Structure formats: structure tokens, C-alpha cells
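Here the protein sequences come in this chain order: A and B.
If you read the first sequence in my numbering, its first letter stands for residue 1, the second for the next number, and so on.
If you read the second sequence in my numbering, its first letter stands for residue 1, the second for the next number, and so on.
Notes follow once the structure below has been shown.
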Amino acid sequence: MANSSLSDLLTSHRVIVTVGSGGVGKTTTAAAIALAGARAGRRVLCLTIDPAKRLATSLGLGSMSHEAQKIDSAVLGLAPDSKGSLTAMMLDVRRTFDELVTRYAQTPEARDRILSNSIYQQIASSLAGTPEYMAMEKLYALKDDPQYDLIVLDTPPTSNALDFLEAPDKMVAAMDSPTIRAFVSAFEKGGSMSLKLLSKAMAQVLQGLSKFTGAGFLEQIAGFLTDLQSMFGGFKERALKVREQLKSKSVAFVIVSSPEPMAVTESLFFAEKLVEGGMHLEAVVFNRVRRVDPVDVSSPQRIANILREADIEQPVELAAGILKAYHDASVWSRRDAGEIVRARRELPLVPRFIEVPAFDEDVYDLRALTRVANYVAPA
Amino acid sequence: MVDPALSRLLDKRFVAVTGKGGTGKTTLTAALALLAAQRGKRVLVCMSQARERMSATLETEFVGSEVKTILGSIDAVNMDPETCLEEYGLMVLKVRALYKAVMDNRVVKGFIRAVPGMDAWSMLGKALFHVKEQENGRNKYDLVLLDAPATGHGVQMLRVPLVIQKIAPPGLLRREAEDGIALMRDPSKCAVVVCTLPEEMPASETEELIATLRDELKLTVGGLFVNQVLSPLFAGKFDQALLASHALSEIPAFEPLATVTRARAIREEVQRNILERFAKLNAPRVYIPALPVERIRRPHAQALAKVLADGGV
Numbered sequence: 001m002a003n004s005s006l007s008d009l010l011t012s013h014r015v016i017v018t019v020g021s022g023g024v025g026k027t028t029t030a031a032a033i034a035l036a037g038a039r040a041g042r043r044v045l046c047l048t049i050d051p052a053k054r055l056a057t058s059l060g061l062g063s064m065s066h067e068a069q070k071i072d073s074a075v076l077g078l079a080p081d082s083k084g085s086l087t088a089m090m091l092d093v094r095r096t097f098d099e100l101v102t103r104y105a106q107t108p109e110a111r112d113r114i115l116s117n118s119i120y121q122q123i124a125s126s127l128a129g130t131p132e133y134m135a136m137e138k139l140y141a142l143k144d145d146p147q148y149d150l151i152v153l154d155t156p157p158t159s160n161a162l163d164f165l166e167a168p169d170k171m172v173a174a175m176d177s178p179t180i181r182a183f184v185s186a187f188e189k190g191g192s193m194s195l196k197l198l199s200k201a202m203a204q205v206l207q208g209l210s211k212f213t214g215a216g217f218l219e220q221i222a223g224f225l226t227d228l229q230s231m232f233g234g235f236k237e238r239a240l241k242v243r244e245q246l247k248s249k250s251v252a253f254v255i256v257s258s259p260e261p262m263a264v265t266e267s268l269f270f271a272e273k274l275v276e277g278g279m280h281l282e283a284v285v286f287n288r289v290r291r292v293d294p295v296d297v298s299s300p301q302r303i304a305n306i307l308r309e310a311d312i313e314q315p316v317e318l319a320a321g322i323l324k325a326y327h328d329a330s331v332w333s334r335r336d337a338g339e340i341v342r343a344r345r346e347l348p349l350v351p352r353f354i355e356v357p358a359f360d361e362d363v364y365d366l367r368a369l370t371r372v373a374n375y376v377a378p379a
Numbered sequence: 001m002v003d004p005a006l007s008r009l010l011d012k013r014f015v016a017v018t019g020k021g022g023t024g025k026t027t028l029t030a031a032l033a034l035l036a037a038q039r040g041k042r043v044l045v046c047m048s049q050a051r052e053r054m055s056a057t058l059e060t061e062f063v064g065s066e067v068k069t070i071l072g073s074i075d076a077v078n079m080d081p082e083t084c085l086e087e088y089g090l091m092v093l094k095v096r097a098l099y100k101a102v103m104d105n106r107v108v109k110g111f112i113r114a115v116p117g118m119d120a121w122s123m124l125g126k127a128l129f130h131v132k133e134q135e136n137g138r139n140k141y142d143l144v145l146l147d148a149p150a151t152g153h154g155v156q157m158l159r160v161p162l163v164i165q166k167i168a169p170p171g172l173l174r175r176e177a178e179d180g181i182a183l184m185r186d187p188s189k190c191a192v193v194v195c196t197l198p199e200e201m202p203a204s205e206t207e208e209l210i211a212t213l214r215d216e217l218k219l220t221v222g223g224l225f226v227n228q229v230l231s232p233l234f235a236g237k238f239d240q241a242l243l244a245s246h247a248l249s250e251i252p253a254f255e256p257l258a259t260v261t262r263a264r265a266i267r268e269e270v271q272r273n274i275l276e277r278f279a280k281l282n283a284p285r286v287y288i289p290a291l292p293v294e295r296i297r298r299p300h301a302q303a304l305a306k307v308l309a310d311g312g313v
């Protein structure tokens, strides 16, 4: 029988990674897990990509800075003697990339060339796979930080949840393949395209290509790739290390889903891929589950009478509305329950299933976040 | 409430659908395609998904990287970057011999794929190519629908031609990008439609998205499609509904009714506020009622097409 709380994960693991498709409340769930961790006495770092502004504001993070910001224990409602704490950090993709360049460029000249390169400036934050890669870089930099007991990593929103695992590899592979190296070296020799050094066929190809791209563009790109490449040894090595560490027993993966059929199907697919990839899938969290207990609604008259006795205006119309609301809710409730049964049946090995009910209001303040945390890990 | 601008949406040549993940983009795209086809248009649906869901929605054959007819006058293709790049190369390099020389070269192919933004541009470029594609002396498609990636990635894709314009030297690539920009910015030919939900987080994301589309990318927002809109049961009776909930909560057997009533009343109130915010965005809007269905199938897409038509599309 699967557990219905994440409490044990909060103390047994070093890193919790939340994954899932877009629009399922992943960021909120990550924040709730982090809050639950702090309440359990852990010093937690919550690393997120793009928190909803109002959620950030309610945590006292008005400035939305990407620096680590410790959230006031009083705001969190932690006991004064609690060892727990919550630090939030927003991942700024561009800034992380800049930091990497600054740290790993082989010469100050190379660093300046990269940072001032117009291609770099345009693409540093939007290159496919960059946010995912930078999330991994950040995790790598922070995972051994003695200031924290638990790191909760909220993965970037992707249409396909698998991107998170594959994108960093793709980015590194695309930039560091033998083919790119061969190409780049063709440009390196003379500082610009030295066609003499290339085979005749290759030179023709490149001339054809530069007709398409316009004069000098290939050189510019090659120059940029050359500079970036000087740092790739480090990029690749770290991407591999992080990838390996994600398979460690101290890293728990949590799939966040909604009970929508499409989201459930995506989650099942993602669960399969995680397990295939050797990751430890420790829990599935269903957000916004609608549940209604059965009621005898055979007598609308009786409901209207109750309203009338309470002196509420238009009792008959209101009673009709209430019955319709009940009917709608019951239909949703049955469907959500069916989807969760399906997920549980398909994922017999997942040790924890959490159901967070749909709340009356959207979760974007601390009070609501605390309610979610209570479901994730009862205090 | 019907906005006359909506009646011209399907008369455009290129419509891109984007919005927050999980708001129903694919279903909306399918319904727009059905509606356009019903009106005698030849439609091409271009998807950019790792896992194609259109065929499940419309109960058709699986859609691969080759354009194929899936239903009546609807063609579809699921664009994968690699195939697109090859096709795109052929389209712009025109001469097959040159294309073969360029694209069959592993080194060059690897290099092009590594150029940032090339994947997105090849996909967008392919979709735009089909807008101009000719057959028997006329446009092959009346309407090209792009099921674009979710918000962040979708904006990235639509931004690529602007980036190329900024950084590429004068040449074919830049001209291609500039042609693309001109087409996308022509309000008589192109629009972006945004899919959203009447809830807080999707709403703020939608406001930001629309601002970016208009102010930065200078594109026309052709429609804001709000999914899962509840029909108001307690319109103007919010306080009474809460009082009713309270009265019912006193009777244990009716406790669930009290909970449901309160939840629905609050949800409707949140929805009312958000729809007011959406109204301020000055985009033509369509409200799509919430339907509890297990799997979206063709009848649902057809029902949605009717909702869209009734809403003015």
C-alpha cells in the first residue's frame, strides 16, 4: 500500500526534484515541499525557475532577485527554536550562463569576446536546452553546500517533461560533437575561414552556405563556438556528473500531475522514462483533486426549505443552483478518482501517492501554500 | 459580446496557437481546423510536439514528419527539427545539387544544428513556407495553423526571425527572416491566438504573454480563448450562496453540499474577476464551457468547433 505523505522523504533525502508537464502546479508543489521541509527542521533551499509573482511576494521576496534569499521564519510560522529554515533562489538563466563564462573562460580575452558577442547576447537565455542545463549547473554548484540539508529543485516548465533530462545532454552534444570541432578548427587556423585548409568539396559547401547566411556570418558563429568550446570540457564533465548524481539514492524524483487525463498520460510516460534512466521515482503528487462525498439530493424542496428557514432570499432558485453545482462537482469527482486509480494501477512500484484537493481559491499566498504543505507532509 | 474581429480569424493565412501548458492548445487547434474545413478551407495543421496528440484528438492516423491528409481538407504534419532543417535547406537553397552537397555533409549538418535558434527557425520557417506554397496556380492551403509550444518556448519560436534580423548580415537568411516578419506582422494575414484558463496563475501569465506578443514582437492577438469557463450558477448571489453554504453546513448529511456550494461560489467569483481583467486586454474573446470528459475525441473537438462558431469565430 502506497504511503500518502512525503514526510519521510524530507529527512531521508538530500535533493528532491519535482518534474511534470506544464500547468500542473509544479512550482507551487516544490514550494510546498520546501515549506514542509523547513517545518520538519531541515535547512531547505528551494531552487525555482519562474515562480508566480504573487507567490514570491507573499514569501517576502518582493525583489524577485536570483540571489539566495532566506525567508523570515516568522513569515513561515516556524517555532522560534526551530532548526528549520527556508531559502529561496530563482534561477536566472542568463546570469548563470554569464557566471559560467566568467569562471571557465580560459583567458580574460576569451571571456570578454564571448560576453560581448552579439550571438551570445541574443541566445544565452533562449538557446534550446539552456534553462535545463543551467538548472543542472546550479544544482551541481549547490548540492554540497553545507548551509543546506535539503535542496528542492523545481525543473523548468516544458511541454515534454523529458526535456529536463535530455536537454542538457543535447546542448552539450550539439556544441561538442566531433563534427563541430572539425568545423570550428577550419576557422581557427587562420582566424577566419581559410578555405585552403579544407578539402575542395568542403570549401564548396561552405561557400554555398555562406551565400545563404550572408558574408561573414559563418565566421562569426564559428568564432563564437570556438570561444565557447574552450570551456566545454568543463561543461560536459559536469553535465555527466550531475546526470550520474541524479541517479543517486539521495535524490528523490517527485512527479507532479493534475488528474486531467492528458496530464496523467504524460505523467505515466514520464515515470517510465525516469525509471528507465535509473532515477528514483519516490512519489506522485496529484494537485487539484476534486472530491465530493455522496449526498441524498432527491428532494430539492428540502434544500429550499432549509434556505428559507435561514432567511436567505430566493431559496428555490438558489437550491436549484446548489443542486447543479453538486451535480457538476460529482461528475468531476468521479472522473478525477478514475484517473488516479488508473495512475496507481499503472505505477505499482511508486511508493507514495499524494492527493492535494482542489482549494476554493488559487494557491498564491502563504496561507494557501501552508494548506498544500499540510497535504504533502502533515505537520 | 461577439467581437467582429473573430469572424475574420479563419480568413487569415497563418494562425499560431500558444498559451500556458495544460490550457487546451491542441484541442483548440483541432477545433479551429475542423471549423475552417467546414467552411471549405484547405487547412494545414503544423505541430511542434515531441508527442503528437492531434491524431488522438481527431481520431485519425498518427501524424508524422511528412505532411499528410488526416481528415477531409485538413492536412497535418508534426514538425521535428531535423526533418524541417533538411526541408528548409531544400526550400531556400533551391538547387538540389547544392542542397545535397550542403546537407549530406555531416560536418555542416552538425554545425547548422548547433547554431542557436536554428531548430526553432526551421520549424517556423517551414510553417511559413507552407503559407506561400503554391499548387495548380493558387495557394495550396488557405490557412496554416501552428500549434506552437507553450508560453516561454512559443514566444522564443516566434522571436527567432527578429533575432536573425538583428544578428545576421545581409543575405538570403536575413531576407527569409525579414519576409517571415513581414508576413507575421501583417494583421490581415496573420494572428496569434492565446489559450488560457479563468484562474489566477494562467491569467497573469496570459497578461504577460499578450504584452510580449504585442509590444515586443508586434504581432496581432487574434483571439483569447478562455477554456473551462463555469456557467455562473450564483451570478449576483455570491453572498446568498455563502449564507446558504453556512446554513447547509449545520446539517451533517448536507455537509458536502455546503462545501460544493462554497467552492463553486468562490470559483465563480474568481472567474468573474479574471474575466474582467481579460476584458481589459482588448483582445477578441471566446469563453469555452467546462466539459468533464475522459478523453478528448473527435465529437468533443466538433462540439468545441460549434462553440467557437457560436462565439463569433
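C-beta: ideal position from N, C-alpha, C; glycine also.
Just so it is clear, the structure is predicted and the values come from calculations on it, not from any experiment.
### Query
Do you know offhand how far D365/A's Cα is from L242/B's?
22 Å
#### Entry: Cα-Cα separation between M79/B and T212/B, rounded to whole angstroms
25 Å
### Task
Take every Cβ of the stretch 345-356 of chain A, pair it with every Cβ of the stretch 265-279 of chain A, and state whether three or more of those distances are shorter than 8 Å.
yes
### Query
Which residue comes first and which comes last in the beta strand (DSSP E) that contains G19/B?
Run containing G19/B: F14 to G19, per the beta strand (DSSP E) assignment.
### Task
Taking I221/A as the reference, give the member of A337/A, R43/A and R113/A with the closest Cα.
R113/A
### Query
By how many angstroms is the C-alpha of D149/A removed from the C-alpha of L158/B?
41 Å
### Task
At 7 Å on the CB atoms, spell out the chain A contacts of L243/B, in chain order.
A310 and I312
### Query
Hey, G21/B and G77/A: beta-carbon distance below 8 Å or not?
Pairing G21/B with G77/A gives a Cβ-Cβ distance that is not under 8 Å.
### Message
Using the three-state DSSP reduction, which class does G314/B fall into: helix, strand or coil?
### Response
There is simply no residue 314/B to check, as chain B begins at 1 and stops at 313 in what is shown.
### Task
Kindly give me the distance between the Cβ atoms of T87/A and V44/A, rounded to whole angstroms, as I take these residues to be in contact under 8 Å.
7 Å
### Residue range of the unbroken alpha helix (DSSP H) whose run includes V2/B
No alpha helix (DSSP H) holds V2/B; DSSP gives it neither H nor E.
### Query
According to DSSP, which residues form a beta bridge with K68/B?
Residue pairing from DSSP places K68/B in a beta bridge opposite A76/B.
### Task
For A253/B, count neighbouring C-beta atoms within 10 Å of its own C-beta (all shown protein chains included) and say buried if the count is 16 or more, exposed if not.
Under this definition A253/B is an exposed residue.
### Assigned secondary structure, A88/A (DSSP; H/G/I helix, E/B strand, else coil)
strand
### Message
What would DSSP say about E272/A, mapped onto helix, strand or coil?
### Response
Residue state for E272/A is assigned as helix, using DSSP reduced to three classes.
### Message
Which complete alpha helix (DSSP H) runs does the stretch 13-48 of chain A hold, if anything under 4 residues is left out?
### Response
26-39
### Message
Would T29/B and D147/B qualify as a contact pair, given that the criterion is a beta-carbon distance under 8 Å?
### Response
yes
### Message
Could you compute how far the alpha carbon of L122/B sits from the alpha carbon of Q156/B?
### Response
Note that residue 122/B is Ser in the sequence shown, not Leu. Cα-Cα distance, rounded: 13 Å.
### Where T261/B meets chain A, residues with beta-carbon distance less than 7 Å
I322 and A325
### Exposed unless 16 or more other CB atoms sit within 10 angstroms - verdict on F62/B
exposed
### C-beta contact flag for Y375/A and V356/A at 8 Å
yes
### Query
What is the DSSP secondary structure of K237/B, reduced to helix, strand or coil?
coil
### For E255/B and V286/B, the rounded distance between their alpha carbons
35 Å
### Query
Rounded to a whole number of angstroms, what is the C-alpha to C-alpha distance between D11/B and D215/B?
24 Å
### Query
Quick one: what's got a C-beta closer than 8 Å to P80/A's C-beta in the same chain, skipping five residues either side?
S73
### Task
Write down the C-beta distance between A373/A and A36/A rounded to the nearest angstrom, noting that I regard them as a contact closer than 8 Å.
4 Å
### Query
In angstroms, rounded to a whole number, what distance separates the CA positions of S12/A and S250/A?
Each residue's alpha carbon lies about 7 Å from the other.
### Query
Quick one: is I251/B buried, meaning 16 or more other Cβ sit within 10 Å of its Cβ, or exposed?
exposed
### Message
Counting only beta-carbon separations shorter than 8 Å, does V372/A have a partner in chain B?
### Response
No, because no Cβ of chain B sits closer than 8 Å to the Cβ of V372/A.
### Query
To the nearest angstrom, how far is it from the Cα of V24/A to the Cα of N287/A?
Straight through space, the alpha carbons of N287/A and V24/A are spaced by roughly 7 Å.
### Option in Q147/A, L139/A and G214/A with minimal Cα separation from Q165/B
G214/A
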